[in-house]
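*Asks:* I have a structure I would like to understand better, so I am pasting it below and will then ask my questions one at a time.
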Amino acid sequence: MTVQLDHHADMLGDAKRLAAFRKAIGEVVRPGDAVVDVGTGLGPLAASALDAGAGHVTAIEYIPQLAALATEILADTAVRVVVGRSYDIDLTPSPDVAVTETIGPVGPEENIVEITYDLKRRYPTLRGIVPRRMRLYAQAVLSERVEAARDAVFTKLIASASGHFDPGNAPHALARSYCEQIYQDDLSDAQAQTERLDLADYTLGISEAPDFDTVVELPATADWNAVTIVFEAQLSDSVTLTNHFSAPQTHWLNSYVARFADTHRLRIAYDAAGTSFEIRWLEEGL
Ligand SMILES: C[S@@+](CC[C@H](N)C(=O)[O-])C[C@H]1O[C@@H](n2cnc3c(N)ncnc32)[C@H](O)[C@@H]1O
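So that you can map any letter, position 3 of the sequence shown is 18 in the working numbering, and since no number is skipped, the others follow by simple counting.
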């Protein structure tokens, strides 16, 4: 595995994310606590735990080059950086608090549910987990940016026609395929057209597996063109972090599925084994 320093720069440049974690860590960590930071990257959350008064901080990172960088960055601190997968590392002393920012592009894909479940199972005295809960929900929206992104893709596809090759021969199949993928973009222009429709609600440390398979029933009306998939992470009593389109933008941007024709039933499934989503528009005759 290689270090994606640009990705870590994006994450560290996401001031909303860092401020939220710093505040929550300050609320949950008590002076002298033993804290574990799983997936420390370059080490910002481990450093926050130290700033909050932790007596012992272990920072775990399975990409060796990142762990080496974190070791240098945190060289003058009391943080102990350990290279490896969190599941394989025995912690002494037992952690009082676990911190982990392993929230994937949509939510569960970086294994936050499995990581926190494993820690709580092995260290039942764990008092706090940051974040402690993560919800996923769907919401139908109307957004001009969805149409602009779709137009850009189809303009390129159609323009590529040459000789016997003509993507324009399969408009229906291409449109369906386009609408069965999750995109990440800035949908801050989106207007909500439905309530929040629950997909998953994980109590971190307690929920064992993130899999779900849900059919989202949406209005048959024509006033929406996409379904956003939103995470909401409860970091502490007072701190929530979300990629909802109406909240200040984060590096996660906004995840969405474009509407296919006038369909209004969407199957969204998450398979933990493949860390993948399956998206399927359901309609009679399609
Ligand atoms: C989203 S990044 C966050 C990095 C850092 N905590 C931050 O907030 O900037 C998640 C990091 O967790 C690491 N990671 C994911 N699962 C892990 C596991 N089970 N054990 C150790 N490291 C893990 C990845 O390699 C990645 O560097």
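Yeah, the Cβ is synthetic: ideal placement off N, Cα and C, and Gly gets one too.
Are there any heavy atoms of ligand 1 lying less than 7 Å away from the beta-carbon of S101, as far as the coordinates show?
*Replies:* Start at 1 with the first residue of the sequence shown, and residue 101 comes out as number 86. True, at least one ligand heavy atom lies under 7 Å from that Cβ.
*Asks:* Are there 16 or more other CB atoms within 10 angstroms of the CB of Q154, so buried, or fewer, so exposed?
*Replies:* Here the question's residue 154 lines up with position 139 in the sequence shown. When all chains shown are included, Q154 counts as buried.
*Asks:* Spell out whether any CB of chain B is found under 8 Å from the CB atom of I88.
*Replies:* No chain B is part of this structure, which consists of one protein chain only.
*Asks:* Beta-carbon within less than 6 Å of V161's beta-carbon, same chain only, minus the 5 sequence neighbours each way: which residues are those?
*Replies:* As a first step, residue 161 must be located in the sequence shown, where it is residue number 146. Result list for V161: N240, A241, A273, in chain order.
*Asks:* Do the region 51-66 and the region 99-115 make contact, defined as three or more Cβ pairs closer than 8 Å?
*Replies:* Output reads yes: the region 99-115 touches the region 51-66.
*Asks:* Roughly how many angstroms separate the alpha carbons of G65 and P59, rounded to a whole number?
*Replies:* By one-based count along the sequence shown, residue 65 stands at place 50. By one-based count along the sequence shown, residue 59 stands at place 44. A small correction: the amino acid at residue 65 is Leu; Gly does not occupy that position in the sequence shown. For L65 and P59, the distance between alpha carbons rounds to 10 Å.
*Asks:* So within the region 134-221, which uninterrupted beta strand (DSSP E) runs reach at least 3 residues, ignoring any that extend past its ends?
*Replies:* Runs of the beta strand (DSSP E) inside the region 134-221: 143-145, 148-157, 198-200, 212-218.
*Asks:* Could you tell me which of Y138, D216, S158 sits nearest to A224, measuring between CA atoms?
*Replies:* Start at 1 with the first residue of the sequence shown, and residue 224 comes out as number 209. Per the Cα distances, D216.
*Asks:* Let me know the secondary structure DSSP gives E298 once reduced to three states.
*Replies:* In the sequence shown, residue 298 corresponds to position 283, counting from 1. The answer is coil: DSSP assigns E298 none of H, G, I, E or B.
*Asks:* Would you check if there are 3 or more beta carbon pairs closer than 8 Å linking the region 170-188 to the region 248-265?
*Replies:* The answer is no - the region 248-265 does not touch the region 170-188, with fewer than three Cβ pairs under 8 Å.
*Asks:* When DSSP builds the beta bridges, which residues end up paired with E124?
*Replies:* Sequence index remark: in the sequence shown, residue 124 carries index 109 (1-based). Answer is none; E124 lacks a bridge partner.
*Asks:* Determine the contact status of A69 and V96, defining contact as a CB-CB distance below 8 Å.
*Replies:* Working through the sequence shown from its first residue, we reach residue 69 at position 54. Working through the sequence shown from its first residue, we reach residue 96 at position 81. Cβ distance not < 8 Å, so A69 and V96 don't count as in contact.
*Asks:* Taking a contact to mean a Cβ-Cβ separation below 8 Å, would you say V156 touches A207 in this structure?
*Replies:* Reading the sequence shown from its first residue, position 141 is the one you call residue 156. Reading the sequence shown from its first residue, position 192 is the one you call residue 207. Cβ atoms of V156 and A207: closer than 8 Å.
*Asks:* Taking buried to mean at least 16 other C-beta atoms within 10 Å of its own C-beta, is A288 buried or exposed?
*Replies:* Position 273 of the sequence shown, counted from the first residue, corresponds to residue 288. So A288 ends up on the exposed side.
*Asks:* Determine, using beta carbons only, whether Y152 and L214 come nearer to each other than 8 Å.
*Replies:* Translated into positions along the sequence shown, residue 152 becomes position 137. Translated into positions along the sequence shown, residue 214 becomes position 199. Closer than 8 Å, so yes.
*Asks:* Taking DSSP as the reference, what is the three-state secondary structure of E42?
*Replies:* In the sequence shown, counting from the first residue as 1, residue 42 sits at position 27. Reduced to three states, the DSSP call for E42 is helix.
*Asks:* Considering only residues of the region 22-92, which uninterrupted alpha helix (DSSP H) runs meet the minimum length of 4 residues and lie entirely inside it, listed in chain order?
*Replies:* Entirely contained in the region 22-92, the alpha helix (DSSP H) runs reaching 4 residues are, in chain order, 30-43, 59-66, 79-88.
*Asks:* Can you tell which of G47, D204, N269 has its C-alpha closest to the C-alpha of Y109?
*Replies:* By one-based count along the sequence shown, residue 109 stands at place 94. The sequence as given places Ser at residue 109; Tyr does not occur at that position. Minimum Cα distance to S109 is reached at G47.
*Asks:* Classify H279: buried if its beta carbon has 16 or more other beta carbons within 10 angstroms, exposed otherwise.
*Replies:* For this step, residue 279 is matched to residue 264 along the sequence shown. It is buried - the Cβ of H279 has at least 16 other Cβ atoms within 10 Å.
*Asks:* Using DSSP bridges, identify the partner residues of R274.
*Replies:* One-based indexing of the sequence shown puts residue 274 at position 259. Answer is none; R274 lacks a bridge partner.
*Asks:* From what residue to what residue does the beta strand (DSSP E) around T115 run?
*Replies:* On the sequence shown, residue 115 is found 100 positions in, with the first residue counted as 1. Residues 112-115.
*Asks:* Between the beta-carbon of A248 and the beta-carbon of P146, is there less than 8 Å?
*Replies:* Position 233 of the sequence shown holds residue 248. Position 131 of the sequence shown holds residue 146. Yes; because the gap between Cβ atoms is below 8 Å, this pair is in contact.
*Asks:* Taking the C-alpha atoms as reference points, what is the distance between L301 and Y132?
*Replies:* Position 286 of the sequence shown, counting from 1, holds the residue named residue 301. Position 117 of the sequence shown, counting from 1, holds the residue named residue 132. Low confidence applies here, because L301 scores a pLDDT of 48, under 50, leaving its location unreliable; read the following figure in that light. Distance between the alpha carbons of L301 and Y132: 40 Å.
*Asks:* In angstroms, rounded to a whole number, what distance separates the CA positions of R148 and P186?
*Replies:* Taking the sequence shown and counting its residues from 1, one reaches residue 148 at position 133. Taking the sequence shown and counting its residues from 1, one reaches residue 186 at position 171. Spanning the two alpha carbons is a distance of roughly 42 Å.
*Asks:* H71: buried (16+ other C-beta within 10 angstroms of its C-beta) or exposed?
*Replies:* Stepping through the sequence shown from its first residue, residue 71 is reached at position 56. Burial call: buried.
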